[in-house]
Every structure is written in structure tokens, then in C-alpha cells.
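Engineer:
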Amino acid sequence: MFKKLLIFGVVAIISLTSINVAAEAEESGQMFPDVGKEHWARSVIESAVSKGYVSGYPDGKFRPNQDVARSEFVKMLAVALKLQPEGLSQPWYQSYDNALRKAGILEDDDFHFLNYDAPITRLELIRLSVKALDTAHIDKEEIELVRLATETGLLRGLDGDLRLSSHTSRAEAAAFIERLLALRSGNGLPVDAAAHAKAKGLKADPWGRVIRTTNLPKNATEYPYILEGIPNAMYEMGYNKKFFPNGLGETSRQFHERLKSYKRENIDKWLPNAEQWLNMAVNVDYRTIDERWVKEMGDLGNYFARRDAIDSFYTRYAEKVRKEKIRIIGNVRLEPSIIVNDDLYRTFIRAKVEFKIVDAKNPKDVFFMSFQPKEGFEIGRWYRGYADIELGNMVTLPDTLTDMRVGHVYSTFFWNYDFNIKE
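Residue numbers for the sequence shown, in mature numbering (1 follows the signal peptide of the UniProt record, and there is no 0): -22 to -1, 1 to 401.
Structure, rendered in C-alpha cells:
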């Protein structure tokens, strides 16, 4: 009885506090007590709240300076665009995510990791917002999206600095969406001349991704360029002595400079197949794995081996998945600018890897890989980070990297990796 009275009292105090905060704000003509009359974003916050795509917190505050998570911005944008939520409602943002994907506004590469709890960066926000501005922008390269954001007045710099890698506050997100809605309604916006000039001066890599020139990683000289959308942690992850006892034979910069055929027109031919093999390796389900999975994995991998022997490897693994009720979900994306050779001139490409073991009798041995850490992994936990994946050159002539493949046995996430990356 005492506990019930205590809980009731606490709830009552919280409720009265929230009512008092709201009353004080109303008396002062403010919608939120922490968004005063002089706050730079007061009008856009009130407009955003009135349109229903963002709201305050139960304590009556808006928290304008708090970082916006990817999940929060996904919902804000989908609701602001009046998109119909699609499919699953769990996790809470999934139906809004599905709606943006259906509209062509969102895809995996728009976020560094698919960690929706992490803060969204200004660059990620730009990618989504400019595509939402006009469907004609959906297939444009990243540097074009940034320039369009400044040309239209959607993006304004901070003292001329675009700060593309910075996080976005709730107030900034509301202001961004308000400008987006104004443009979609046919209204013009003032252009920030300094921001526009900065955007025009940006340089891009062969895939149209913005190159970063400030706040560089400690080992920036080892790479052909540093990307705005990739944090320093991905560049600064070293090569462990166990699997790279003699270090590297060739850094990424040296690899790019020596092998002239390592260019987009060739990479785009083989990289999707390598990514598909890796993604099939981190998305297995004992309820659905079958002979089609076995055949496709065999087709995608390195074919310098007897096909019957390769298929037997996959068949045995599929049987193991069914027997031990293994379920893994994940996502792997290769980064073509980060590629090295070890001292034996074996080629490794760095990948963004995220996975969760949903079910397994033995979580220490669940992957189709020749080597797995002895400590294994926890069931139900998301692991996110970077790994170096060994590739095989399918062409015998030197400097003709037109068909790189993952190896059926030797390509693994666990030669050199760090799965404790925090965003």
C-alpha cells in the first residue's frame, strides 16, 4: 500500500511540474519554456509543431539543442511529406523508414551505419532532404546534392562552414524541414552566398562523394583521399600483428597510384557481386536456407576451385544452419577507396560490417567463414564496425583488376576487425 501511495505521489509531482512548466510558457507567450522569444529557431519550431511532424517532451520542453537521431529525423521527414507509413511498426520508426525507401528518398548508403539510434549528420540530412525536394534528384551524386542544397537556400553555412560531418540539433532539423516544405510549395529562399561558394569549391571522388580536407585522420597520407561521409575511425583502424606480422606491402594510396585499372568503371563491375556474397553470409535463416542459397553463393565467389568441392562446403554449412537453428541478420558495404596489399601482396578491402545473431545453439561458430573469434558473440546484440576482407583477382594479367571476387573459404570478417565502433 505504501509503495502504491509513493508511486502515486511521484506521478502527481511529475504531472504538476509539467503542468506548471506549460502554464509558465503559455503566460510568457512561449510554446516551450526552453525556446524563448529571442531563440533563433522559435518561429520554425512553432510552425513545425503546428504541422505535427515534431513535438515537445512530456516535461513540456522542446530541447532545441539536443542531437536528432536518425530514427527521429526519418519520422519527422516522412510525416512532414505526408507519406503513408508502410509495413511493420516495430521498431517504432520502421514504417516511416519503409515509406521513405518506397519513395526513393532513403537507401542504405545514406547512413554510415544502419544504427538508427545514432545522431544524424548534416551530410546525411542533406542526402535525404534534397532527394525529398524533387524526385529528379534521387539518382544524383552526393556532391550534386550538397551543391543543390546551397543553390536552393535549403542549406545554410555556419559562418561559411558547411560542417557536413557535424551532428544536427532538433532546432536545426526543424528549420531544415521548414525550408524544404517552403521550396516544395514553390516559394523561393534566400541563398547563403558563403555556403554556396564553399559548396562550389568542394571536390569529389570518382563516385561523386565529397572529399574532406579538414579534421583529417592521423594516417591521411596513406589514402588517395579522405571522404566527408566516413569518420576518422574507419581510416585509423590499424592492421594487427597476428595476421599482418610484417605490416603492409602497399598502402591504399600506393595501390591506387600503381594500379591504373583500379578505377570506377572496373570496380563497379565486381564490387556489387562481392557485397552480395558478404551480405548473404550475414543474412542466414535456418527456416529459409536452401539449395538456391548454395548455388548463388557458389556463383558469386572465386571460381579458381572445383565447383563440386565448393558446393559441398556450402551444402554442409546450410545443413549446420538448419540443425543448429542459426539466424543472423546484417549488412556489409565495401569501401573501394580503402584497399591494401599485405607483404605477400594479398589484397584486402575495408568494409563497414554490422550484424546480430538472432538465434544459434552455439554463438561461437555461426558464420560461413574459415576463421571466427574464439570468444564468439552474444545473441541478440548488434555488432558494428570495420573489417578487412581478402579478395582474389580473377584475372591473371597484372594491372587488370576487372573481376575481383571474395574467396569461398578465405574471405572472412575476422582477420582484421574492430566491432566496437561508437557513432
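Heads up, the beta-carbon is just placed ideally off N, CA and C, and yes, glycines get one too.
Tell me which residues share the same chain as D95 and place their Cβ nearer than 6 Å to its Cβ, disregarding the 5 neighbours each side in the sequence.
Structural biologist: Cβ neighbours of D95 beyond the five flanking positions: A47.
Engineer: Mind listing, in chain order, the continuous alpha helix (DSSP H) runs of no fewer than 4 residues lying wholly within the segment 160 to 239?
Structural biologist: Scanning the segment 160 to 239 from its first residue to its last, the whole alpha helix (DSSP H) runs of 4-plus residues come out as 171 to 178, 210 to 214 and 230 to 236.
Engineer: Using DSSP with H/G/I as helix, E/B as strand and the rest coil, what is T128?
Structural biologist: helix
Engineer: Pull up the distance between the alpha-carbon of D117 and that of L84, whole angstroms please.
Structural biologist: 11 Å
Engineer: Could you tell me which of R141, A160, N76 and V272 sits nearest to Q62, measuring between CA atoms?
Structural biologist: N76
Engineer: Straight-line CA distance for L237 to R359?
Structural biologist: Straight-line spacing of the CA atoms in L237 and R359 works out to 40 Å.
Engineer: What separation, rounded to the nearest whole angstrom, lies between the Cα atoms of Q72 and R79?
Structural biologist: 10 Å
Engineer: What first and last residue would you give for the beta strand (DSSP E) that runs through T325?
Structural biologist: T325 to D337
Engineer: Helix, strand or coil for G363? Go by DSSP, reduced to three states.
Structural biologist: strand
Engineer: Just to confirm my understanding: we take R20, look at its own chain, exclude 5 residues before and 5 after, and list those with CB closer than 6 Å. What are they?
Structural biologist: V13
Engineer: Would you identify the three-state DSSP class for G65, choosing helix, strand or coil?
Structural biologist: coil
Engineer: Please name the residue, chosen from K53, V331, V124 and G385, that lies closest to F362 on a Cα-to-Cα basis.
Structural biologist: Checking the sequence shown, residue 362 turns out to be Arg, not Phe. Looking at the Cα atoms, V331 is the closest of the given residues.
Engineer: When the distance is taken between beta carbons, is S230 closer than 8 Å to I367?
Structural biologist: no
Engineer: What is the C-beta distance between R300 and Y323, in whole angstroms, given that I count them as a contact (C-beta under 8 Å)?
Structural biologist: Contact flag wrong, Cβ pair sits at about 39 Å.
Engineer: Alpha carbon to alpha carbon, how far is E24 from S6? Give it in angstroms, no decimals.
Structural biologist: For S6, the predicted model reports a pLDDT of 45, less than 50, meaning its position is unreliable and no value from the coordinates is stated.
Engineer: Below 8 Å on the Cβ atoms is my contact criterion, and I expect L132 with R157 to pass it. Report the Cβ-Cβ distance as a whole number of Å.
Structural biologist: That pair is a contact at about 5 Å.
Engineer: Should the segment 140 to 160 be called in touch with the segment 91 to 105, which here means at least 3 C-beta pairs below 8 Å?
Structural biologist: Because the criterion of three Cβ pairs below 8 Å is met, the segment 140 to 160 and the segment 91 to 105 touch.
Engineer: Does the distance from the CB of I357 to the CB of F333 come in under 8 Å?
Structural biologist: no
Engineer: Could you tell me the alpha carbon to alpha carbon distance between W70 and L123, rounded to whole angstroms?
Structural biologist: 28 Å
Engineer: Would you mind stating whether A252 and V336 have Cβ atoms separated by less than 8 Å?
Structural biologist: No; because the gap between Cβ atoms is not below 8 Å, this pair is not in contact.
Engineer: Suppose you measure from the CA of K29 to the CA of M54; what does that come to, to the nearest Å?
Structural biologist: The straight-line gap from Cα to Cα measures roughly 10 Å.
Engineer: Grab me the residues of G65's own chain with a C-beta within less than 8 Å of its C-beta, minus the 5 sequence neighbours each way, in chain order.
Structural biologist: Q72, S73 and N76
Engineer: Taking DSSP as the reference, what is the three-state secondary structure of E269?
Structural biologist: E269 sits in a helix when the DSSP states are folded into three classes.
Engineer: Roughly how many angstroms separate the alpha carbons of T199 and E228, rounded to a whole number?
Structural biologist: C-alpha separation (whole angstroms): 13 Å.
Engineer: Spatial neighbours of A1 within its chain, please: C-beta separation below 8 Å, excluding the five flanking residues on both sides.
Structural biologist: Residue placement at A1 is flagged as unreliable, the pLDDT there being 41, under the threshold of 50; the coordinate-derived value follows with that caveat. Nothing meets the Cβ criterion.
Engineer: Taking the alpha carbon of E401 as the reference point, which residue from G186, V32 and N93 has its own alpha carbon closest?
Structural biologist: Nearest of G186, V32 and N93 to E401, Cα basis: N93.
Engineer: So, do the segment 187 to 203 and the segment 166 to 175 have three or more beta carbon pairs nearer to each other than 8 Å?
Structural biologist: Output reads no: the segment 166 to 175 does not touch the segment 187 to 203.
Engineer: Helix, strand or coil: which one does DSSP assign to P250?
Structural biologist: helix
Engineer: Any heavy atom of the ligand PLP closer than 7 Å to the Cβ of A171?
Structural biologist: As far as ligands go, the structure on display features none, and thus does not contain the ligand PLP.
Engineer: Could you check which residue in V344, F89, S49 and S348 has the C-alpha nearest to that of S67?
Structural biologist: S49
Engineer: Distance, Cα to Cα, P42 vs A151?
Structural biologist: 9 Å
Engineer: Apply the 10 Å Cβ neighbour rule to S107 and answer buried if 16 or more other Cβ atoms are within range, or exposed otherwise.
Structural biologist: When all chains shown are included, S107 counts as buried.
Engineer: Helix, strand or coil for H115, going by three-state DSSP, please let me know.
Structural biologist: The three-state reading of DSSP puts H115 in helix, counting H, G and I together.
Engineer: Using a Cβ-Cβ cut-off of 6 Å (strictly less than) and excluding sequence neighbours within five positions of Y395, which residues of its own chain qualify?
Structural biologist: A365
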